[in-house]
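Q:
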Amino acid sequence: MTREVDVLVVGAGPAGTVAALELLRQGVSRTLLAGPDRAEAGYDVIVGDAAHRALGAAGVEPPMRPVDAVELRLGGHGPHVLPDAVAAVCDRREIGLALTEAARRAGVERVPDIVTEIVRAEDGRHRAVAGGTIVLARHVIVAGGAPASRAEGTVCAQRLAGLDLDSRITLFLPEPRTIDPAERAVCGWLAPGTEPGTATIGAAGFGRDGADRLLATAGATLAAAVPALAAARPAGPRISGVMNGSFAPDRAVTDGRLLAGDAAGLVNPFTGEGLSYAVQSGLLAAGAVAGHLDDPAAAGRSYKRKLKRTFVGYFETARHASHRYHLAWRVLVSTAGSDRPVFAKVRRAVLLPEGFSGLTAAERMPLGAAELAVLAPFLFASDEVAVSTVREDWPFIARLLIAGESDPQRRLRPAVPFFGALMAAGEPPDIARSTLAAAIELATLGALTFLGPMPARPEPGRAVDWSLASSVLGGDFLLGRATRLVADAAPEASWSFADWLAELSGRRSARIHPGHEAPAAAVFAALLEFPARLGGQLGGASPVTVEALRTYGEQCGHVFLHAEDLLALQRRRTRLDIDLRSMLDGRLSAIPDLIPGSSTGLGTLLSPTVRIAAVEAVTTAGQEAYRAASAALDAVPDATATRILQGFLDAIAEPLLSTDRPFKRALEVARSGRMPV
1 MTREVDVLVV
11 GAGPAGTVAA
21 LELLRQGVSR
31 TLLAGPDRAE
41 AGYDVIVGDA
51 AHRALGAAGV
61 EPPMRPVDAV
71 ELRLGGHGPH
81 VLPDAVAAVC
91 DRREIGLALT
101 EAARRAGVER
111 VPDIVTEIVR
121 AEDGRHRAVA
131 GGTIVLARHV
141 IVAGGAPASR
151 AEGTVCAQRL
161 AGLDLDSRIT
171 LFLPEPRTID
181 PAERAVCGWL
191 APGTEPGTAT
201 IGAAGFGRDG
211 ADRLLATAGA
221 TLAAAVPALA
231 AARPAGPRIS
241 GVMNGSFAPD
251 RAVTDGRLLA
261 GDAAGLVNPF
271 TGEGLSYAVQ
281 SGLLAAGAVA
291 GHLDDPAAAG
301 RSYKRKLKRT
311 FVGYFETARH
321 ASHRYHLAWR
331 VLVSTAGSDR
341 PVFAKVRRAV
351 LLPEGFSGLT
361 AAERMPLGAA
371 ELAVLAPFLF
381 ASDEVAVSTV
391 REDWPFIARL
401 LIAGESDPQR
411 RLRPAVPFFG
421 ALMAAGEPPD
431 IARSTLAAAI
441 ELATLGALTF
451 LGPMPARPEP
461 GRAVDWSLAS
471 SVLGGDFLLG
481 RATRLVADAA
491 PEASWSFADW
501 LAELSGRRSA
511 RIHPGHEAPA
521 AAVFAALLEF
531 PARLGGQLGG
541 ASPVTVEALR
551 TYGEQCGHVF
561 LHAEDLLALQ
571 RRRTRLDIDL
581 RSMLDGRLSA
591 IPDLIPGSST
601 GLGTLLSPTV
611 RIAAVEAVTT
621 AGQEAYRAAS
631 AALDAVPDAT
641 ATRILQGFLD
651 AIAEPLLSTD
661 RPFKRALEVA
671 RSGRMPV
């Protein structure tokens, strides 16, 4: 029997089924899904936010157990809690059944046989053999899992009974056993089960260690953090598979076939996690094919571009870290207790399904089509410059600069007020100014590297303080690259740029020095004042408009910090990824400036009266700054620029604007008597 289709999807797992569903949704009805059902033996898998949203959008809704946080343990260091790190855990078998049911409901055509051969036919189409069926297809998406020929390590899991965990996942990375730089990371994790009284233990590692040894290592190390693990018993078969971490966008298209999920090497080399990447890559492959149905070569090029943008820096980061294990590991372990914003973001970028991007927040700028049409090309160009500048030497920073395919032009980022100010006088900004925007964003990340609590004094005899060294190396690298970009692309702005960096340094120094008088908001005011002021000057705005933009930027900085304080008081994830204790210890919070007597730290805020006053004070101050920034925009003559700048302001102020929701929530936390961290 011979079938002729537009698209053959090989593999009925998450990547393949989601791709087939998306193709049908986009009108590609001549799609064939080949492969047996993937309802594997029961064990629980981690479901990231992106995978959770994508599965839900595709109609795949297996029962899940929400997860509150990830508890990260690095070597002998105490736990570091990452809130909102993943969405849920889910039984892998239930995911398989839900995928099958969603495909059936949507009318996806199936061939329940394994594809054993794919070759090129004489007319250029792909000729595949699946059981007794020959399939001729213009496009092929391969999502059949990691081939044994590409095995680089092992990932394994075991469901356990007799263990009742809370809604946290414990992730553990042991210290290096030797000084051999070739030693590879072995990661263990323990996740609560979807069924009461159950849990799943898992491990992943490169090299020749088998599943038994990996699970034994994970069990021994995790038992120290979860003593009840010693009494748990197996509740089902041990599951293991090969780990292929060879992902590179340029290798994800082979002889015209688009590789997705494990087949493309899309797995985190530290943790072995692959579900989130399988779902995302399946959607990207389907979108590329649907957009170029009559041109398979163009579909392949589009897919590679989408992969580069979505996963930029992520797999360079994890593979860079696993191959240069000792340097990366010693940095991670020494900064495990540090709540400096960049370190907090790096932990997410290296170890978690989606990572996190720079100053990006959950909020998206409320911009219309006209504003996005002029803004998006500039931001994309800025991204290209920033990423190409840092990805080779410090790839995790590239991950911090890019939010992927999820509405990137609406991201909250310093380049936006710079662009809006550039066009304040009514002239379209020169795209070449995107290099300067990239420099501003790199310098902003560099400044964040030096913000936060100071590291503890090194132990006696300790040769290198990796926490302090990482701060200096990372911050200097970012500032140095940013300065070089300015010198090369906008030498006329070099003096202003240098003055800005000096001002940031001076304000931060004045804040952290004993007996300081500088308010906490001064640093953040300077961070956002400069892009707005410089943009106005370079865009030819009048002195009156430039002064208004300066005021706007300063007030945006105040809004940002007051919103951070409110989020921290609400016990919500902040845009800086640090909690209230760290904000106070690092002298980043404005609460001591607003509430006399709270400068002693978190202890004072344990008083419900003080906490309620803090909520009211930061909300009032933030809303006042919001009104001042918004009023400053009255002096901006260009309507499009005004809407872009207002959209940026609205996004950073979002936690402060809805008094019915965040204000009441913070008050409830304050009055409950719970510690607000």
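So the sequence shown is residues 1 to 677, counted in my numbering.
Think of the CB as a built atom: it goes at the ideal place given N, C-alpha and C, for glycine as much as any other residue.
As the structure is a computational prediction, the values presented were derived from the model and not from experiment.
1) Report the rounded CA-to-CA distance for R233 versus A20, giving the unit in angstroms.
2) From the DSSP output, in three-state form, read off R104 for me.
3) How big is the Cα-Cα spacing for P112 and Y303?
4) Where do the ends of the alpha helix (DSSP H) carrying R583 lie?
5) So if DSSP puts E117 in a beta bridge, which residue, or which two residues, is it bridged to?
6) Taking the continuous alpha helix (DSSP H) assigned at I440, which residues delimit it?
7) In or out: H513 buried (at least 16 other Cβ within 10 Å) or exposed?
8) So Q537 is in the alpha helix (DSSP H); what residue range does that whole segment cover?
9) Can you have a look at A563 and say buried or exposed, based on whether 16 or more other CB atoms are within 10 angstroms of its CB?
10) Should the stretch 235-242 be called in touch with the stretch 154-168, which here means at least 3 C-beta pairs below 8 Å?
11) Does L359 pass the burial test, meaning 16 or more other C-beta atoms within 10 Å, or should it be called exposed?
12) Once DSSP output is grouped into helix, strand and coil, what is the label at A58?
13) Where does S471 fall in DSSP's three states?
14) Is the stretch 409-429 touching the stretch 378-387 in the sense that three or more CB pairs, one from each, lie closer than 8 Å?
15) What are the start and end residues of each continuous beta strand (DSSP E) run of 3 or more residues lying completely inside the stretch 184-265, in chain order?
16) Are the CB atoms of G282 and A260 within a distance shorter than 8 Å?
17) Any idea what DSSP makes of V135, helix, strand or coil?
18) The alpha helix (DSSP H) with T640 in it runs from where to where?
19) Going by DSSP, what residues sit across from I169 in a beta bridge?
20) So the candidates are G188, R125 and V9; which of them puts its Cα closest to the Cα of L72?
21) Run the CB neighbour count on V472, radius 10 Å, all protein chains shown included, and call it buried at 16 or more, exposed below.
22) What are the partner residues of R159, as DSSP defines its beta bridges?
23) Decide if D488 is buried, meaning its Cβ has at least 16 other Cβ atoms within 10 Å, or exposed.
24) Apart from the five residues on each side of it in sequence, which residues of its chain come closer than 6 Å, Cβ to Cβ, to G474?
25) Note down the Cα distance separating A278 from P637, rounded to an integer number of angstroms.
26) Kindly give me the distance between the Cβ atoms of L214 and V242, rounded to whole angstroms, as I take these residues to be in contact under 8 Å.
27) Could you check whether the stretch 127-147 touches the stretch 49-60, counting it as contact only if at least three pairs of C-beta atoms, one from each stretch, sit closer than 8 Å?
28) Looking only at C-alpha atoms, which of A490, M1, G557 and E61 sits nearest to V18?
29) Taking contact to mean at least 3 C-beta pairs separated by less than 8 Å, is the stretch 115-130 in contact with the stretch 2-15?
30) Taking the alpha carbon of T436 as the reference point, which residue from G197, P174, A223 and T389 has its own alpha carbon closest?
31) Could you spell out the range, first to last residue, of the beta strand (DSSP E) harbouring V279?
32) Output the distance between the C-alpha atoms of F270 and D250, rounded to the nearest integer angstrom.
33) From what residue to what residue does the beta strand (DSSP E) around E4 run?
34) Return helix, strand or coil for V267, following the three-state DSSP convention.
35) Within the continuous beta strand (DSSP E) that includes V47, where are the two ends?
36) Give a yes or no on whether the C-beta atoms belonging to L504 and A424 are separated by under 8 Å.
A: The structure says:
1) Roughly 39 Å separates the two Cα atoms.
2) Looking at R104 - three-state DSSP - the assignment turns out to be helix.
3) So the two alpha carbons sit approximately 27 Å from each other.
4) For the record, residue 583 in the displayed sequence is Met; it is not Arg. Boundaries of the alpha helix (DSSP H) around M583: L580 to D585.
5) The partner list for E117 (beta bridge, DSSP) reads V129.
6) Following the DSSP letters along the chain, one finds I440 inside the alpha helix (DSSP H) bounded by residues S434 to T449.
7) Result: exposed.
8) Counting along the chain, Q537 sits inside the alpha helix (DSSP H) bounded by residues A521 to L538.
9) Flag for A563 reads buried.
10) Touching, yes.
11) Confidence in L359 is poor, its pLDDT being 39 and thus under 50, which makes the residue's placement too unreliable to answer from.
12) DSSP places A58 in coil when its eight states are reduced to three.
13) Helix at S471.
14) Flag = yes, the stretch 378-387 and the stretch 409-429 touch.
15) Taken in chain order, the complete beta strand (DSSP E) segments of 3 residues or longer contained in the stretch 184-265 are 186-192, 198-206, 239-243 and 257-259.
16) Against a cut-off of 8 Å, the Cβ pair of G282 and A260 comes out as a contact.
17) Note: V135 maps to strand in three-state DSSP.
18) Its alpha helix (DSSP H) spans residues A639 to L657.
19) Bridge partners of I169: V70.
20) Ranking the options by Cα distance to L72, first place goes to G188.
21) So V472 counts as exposed.
22) According to DSSP, R159 bridges with T200.
23) With fewer than 16 other Cβ atoms inside 10 Å of its own Cβ, D488 counts as exposed.
24) These residues qualify, in order along the chain: T449.
25) So the alpha carbons of these two residues sit roughly 47 Å apart.
26) Actually they are not in contact, since the Cβ atoms of L214 and V242 sit about 13 Å apart, beyond 8 Å.
27) Segment contact: the stretch 127-147 against the stretch 49-60, fewer than three CB-CB distances shorter than 8 Å; contact not assigned.
28) Checking every option, the nearest Cα to that of V18 belongs to E61.
29) The stretch 115-130 is in contact with the stretch 2-15.
30) A small fix is needed here, since residue 436 is Leu in this sequence, not Thr. It is T389 whose Cα lies nearest to the Cα of L436.
31) Per DSSP, V279 belongs to no beta strand (DSSP E); it is in the alpha helix (DSSP H), L275 to G291.
32) Distance from the CA of F270 to the CA of D250, rounded to the nearest whole angstrom, comes to 22 Å.
33) Annotation: the continuous beta strand (DSSP E) that includes E4 extends over T2 to V10.
34) When secondary structure is reduced to three states using DSSP, V267 falls in the coil class, being assigned neither helix nor strand.
35) Counting along the chain, the unbroken beta strand (DSSP E) around V47 starts and ends at D44 to V47.
36) Not in contact: L504 and A424 (Cβ atoms no closer than 8 Å).
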